[in-house]
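Enquirer:
Residue numbers (this note's numbering), protein chains in the order written: chain A, 1 to 330; chain B, 1 to 501.
1. Could you tell me the distance, in whole angstroms, from the CA atom of residue 76 of chain B to the CA atom of residue 229 of chain A?
2. Taking 7 angstroms as the threshold (beta carbon to beta carbon), is residue 361 of chain B in contact with chain A?
3. Assuming contact is defined by CB atoms lying nearer than 7 angstroms, are residue 106 of chain A and residue 321 of chain A in contact in what I supplied?
4. Does the Cβ of residue 412 of chain B have 16 or more other Cβ atoms within 10 Å, making it buried, or fewer, making it exposed?
5. Would you say residue 337 of chain B faces chain A, with C-beta separation under 7 angstroms as the test?
6. Which term fits residue 190 of chain B, buried or exposed, when burial requires 16 or more other beta carbons within 10 angstroms of its beta carbon?
7. Using CA atoms only, rank isn't needed, just tell me which of B:280, B:117, B:80 is closest to residue 109 of chain B.
8. DSSP three-state label for residue 16 of chain B, please.
9. Please give me, in chain order, every unbroken run of the alpha helix (DSSP H) with length at least 4 that falls completely inside the segment 368-431 of chain B.
10. When burial is assigned at 16 or more other CB atoms within 10 Å of the CB, is residue 414 of chain B buried or exposed?
11. Considering just the uninterrupted stretch of the alpha helix (DSSP H) at residue 73 of chain B, what are its terminal residues?
12. Taking Cβ-Cβ distances shorter than 9 angstroms, what residues in chain B pair up with residue 63 of chain A?
13. Quick one, which of B:438, B:241, B:472, B:456 has its alpha-carbon nearest residue 207 of chain B's?
14. Would you say residue 6 of chain B reaches chain A, if we count a Cβ-Cβ gap shorter than 7 angstroms as a contact?
15. Does residue 5 of chain B pass the burial test, meaning 16 or more other C-beta atoms within 10 Å, or should it be called exposed?
16. Anyone know if the C-beta pair for residue 340 of chain A and residue 455 of chain B falls short of 7 angstroms?
17. Return the chain-ordered list of same chain residues with a C-beta closer than 8 angstroms to the C-beta of residue 319 of chain B, the five sequence neighbours on each side being excluded.
18. Could you run through the segment 246-270 of chain A and flag, in chain order, every residue whose CB is less than 7 angstroms away from some CB of chain B?
19. Let me check you understand the geometry: is the CB of residue 286 of chain B closer than 6 angstroms to at least one non-hydrogen atom of the ligand ADP?
20. Per the DSSP calculation, residue 124 of chain A is bridged to which residue(s)?
21. Going by DSSP, name the residue or residues bridged to residue 190 of chain A.
22. For the structure I just gave you, are there three or more beta carbon pairs, one from the segment 195-206 of chain A and one from the segment 137-144 of chain A, closer than 8 angstroms?
23. According to DSSP, simplified to helix, strand and coil, what is residue 350 of chain B?
24. Pick out whichever of B:290, B:298, B:406 has its Cα sitting closest to the Cα of residue 165 of chain B.
25. Between A:256, A:169, A:126, which lies nearest to residue 269 of chain A when the distance is taken from Cα to Cα?
26. Closest to residue 85 of chain B by C-alpha separation, out of B:177, B:275, B:428, would be which residue?
27. Excluding five sequence neighbours on each side, which residues of the same chain lie with their C-beta closer than 6 angstroms to the C-beta of residue 213 of chain A?
28. Decide if the segment 373-384 of chain B is in contact with the segment 88-107 of chain B; the criterion is three or more beta carbon pairs, one per stretch, under 8 angstroms apart.
29. Does residue 8 of chain B pass the burial test, meaning 16 or more other C-beta atoms within 10 Å, or should it be called exposed?
30. How many Å lie between residue 481 of chain B and residue 156 of chain B at the Cα?
31. Report the three-state DSSP secondary structure of residue 75 of chain A (helix, strand or coil).
32. Between residue 409 of chain B and chain A, is there a C-beta pair that is closer than 7 angstroms?
33. Threshold first: 4 residues or longer. Then list the alpha helix (DSSP H) segments lying entirely within the segment 93-141 of chain B, N to C.
34. I want to know whether the segment 418-430 of chain B touches the segment 203-219 of chain B - three or more CB-CB distances under 8 angstroms.
35. As an exercise, report each continuous beta strand (DSSP E) stretch of at least 3 residues that is fully enclosed by the segment 232-319 of chain A, in chain order.
36. Distance, Cα to Cα, residue 218 of chain A vs residue 424 of chain B?
Here it is as structure tokens:
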């Protein structure tokens, strides 16, 4: 659908105007028809412009095309994603309120002393949709070009700094778990804005960082950063050079970030099945795959039933890592 | 002349009928959301994101950029007219701009904001074209110690924001810093002053605080006088700036453009800092600093130019490094990546049409905004004559609706009410809300950068003085302090000289 620059594209414009109208007008009253009969509200507990938001908007656009009803993205970043998740937990279980959440959903139970909702009981998993490998990058000023040498270097120089986007974030936990399995002693430095962390990494003020691929790319191309490995189970499609950590002998180091869709507990099975089936179609769609790959995310589908089994395992796994990383409960 | 040929290439791409239209669409939409307090450009850009999939990448970026700088224009309109700053950077514009409006000079204030923004936009366009590469290199040099030094400089100069008691200004700064500490501590996760309220773990929302302290407090003040029938006490005099206004504004516009351009490129989010700094500089340089806060046109011209220039130069690190200086730039990166373009040093080389097209479109867009906004000045200014009994409920509703749409968080509405009351109390006690707000923004940055610097150096404070940029900025801070104390010193010296004579 790429157009030559300079061509006026009537469809694009119509879409634009339609979107303004949709944004301005309230949803029209629902006719009692088969699901979905009206707009679906998808709560994304991250701010607009974040990585999870980008993934959610991609998936929601496809889902909306296939279901034939608009999906309204509602960014609710307040309270470390808790407010957004809680809103869904307490929403009417009719399939018109969905949650698009990232790894933080599984980390929260171990990170917070109290949660206003129960991660297992209050939600009906719909499907897992992505797997986002986090890449381990170091500045090229270190003059190291493989993981083995880096681990040796880090052992010789204890107290290296590694960056993340906050205490208990998936980036922090990947870094902390890496230190644990590789036997390193390093300092964790949390940042509010990833942009600053990245700048400090390129400059060499911090020695390494786990992060999604796209923000690294310009610096890899410019010869400023070197990728040593990936937290995913397999080589990521968007950057096959990144070997998974398991290839270096760190056997249980499989910690990709991932996104999934959830509904409030009690949502009718027929609705969950329909959403699950549609999400599977999206996960198999090569065009969506390419679009997601462009933002550094691989599509990875797991059904409602599989996700139901996976959730307690992942919660347990992250609880263990939080203990290893020695993150205080909040 | 590589620069000229580059700009010509960009211009060619930017002025095709379709791209002109997207530019216009973006600019108009941006102005609209800017005028509605609270509805930010971030939410708008995010909402329009899926639509850009079907557009040409250049057209997408042109339109989204238009929304971004259009919002800067629109945001200052509400700040001037009803003292409701829709954006952090417009909070400074409200200081003198709204005073001008109350004196019946809303027209000149709005016009100078538009003209200043246009000139700043033009200068910034050339600056981007000329210095994108070296400026990017400087931006990358800004690590935690450098931010610490920059913020110290900003806080020291912020005392200038106050007119009146220095002690009260310092008290307001202290309160602002304290409000800034609310939320989970970044380094330990310990909740600070949250009192178990989950919504407070991310701290107070800036926009809610600004609307409360300025807009809502203003309404409460106005309702105090039973006879308040409309906002303007005097007759509206002259819609366009006079020759004297223009003369007074021209230097602030140029200074503001430079300050804004420089700070806009920093990845730490500088738009608010740029306008605050520009204001301080103008006040420091003025012959009659006491006019500031009472309707000085320089106090509108400087910061308005700074925030527009900053908005434009914030594209530099985004386009050349893929480093977003704010959430909107992060969204733009998303747009480019979905189109298969990874922002980075190669964009200018491999996609010259896109790179220079976006830059040229900014200038075109600024021109459109000027043409669009100047005729509207009369309309906006007349809006002030609407009976206040109709005006204030409308302001309240728009503020509340706008605010809620940002985070879909009803807690923000409590925040705005609370800060509205606080703003009113502060007004009653003769405190200034502006230093409080600035300290609220800068306080956490100061703490973060100091703690992070010390973590990087493993506790060695010399990291703050041994890095060149940080050392220079700290030296500049000392210089400003010295200048502030100088009149004092000078007087003493005069006394000594007299004694000797």
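Note that beta-carbon positions come from the ideal geometry of N, C-alpha and C, so glycine has one too.
Expert: In this structure, then:
1. 48 angstroms
2. no
3. no
4. buried
5. Taking CB atoms only, residue 337 of chain B has a neighbour in chain A less than 7 angstroms away.
6. exposed
7. Out of B:280, B:117, B:80, B:80 has the C-alpha closest to the C-alpha of residue 109 of chain B.
8. DSSP places residue 16 of chain B in coil when its eight states are reduced to three.
9. 388-407, 411-428
10. exposed
11. 57-82
12. What residue 63 of chain A touches in chain B: nothing, since even the nearest Cβ is about 12 angstroms away.
13. B:438
14. no
15. exposed
16. Residue coverage of chain A in this structure runs from 1 to 330, which leaves residue 340 of chain A outside it and unanswerable.
17. Taking C-beta separations shorter than 8 angstroms and ignoring five residues to either side along the sequence, the partners of residue 319 of chain B in its chain run 132, 343, 347, 348, 355, 358, following chain order.
18. Answer set for the segment 246-270 of chain A: empty.
19. Questions concerning the ligand ADP fall outside what the structure shown contains, since it holds no ligand whatsoever.
20. A:263
21. A:164
22. Touching, yes.
23. helix
24. For the set B:290, B:298, B:406, the Cα lying nearest the Cα of residue 165 of chain B is the one of B:290.
25. A:126
26. It is B:275 whose Cα lies nearest to the Cα of residue 85 of chain B.
27. 135, 238, 239, 296
28. Touching, yes.
29. exposed
30. 7 angstroms
31. In the displayed model, residue 75 of chain A falls within a strand according to three-state DSSP.
32. yes
33. 106-140
34. yes
35. 260-264, 298-302
36. 49 angstroms
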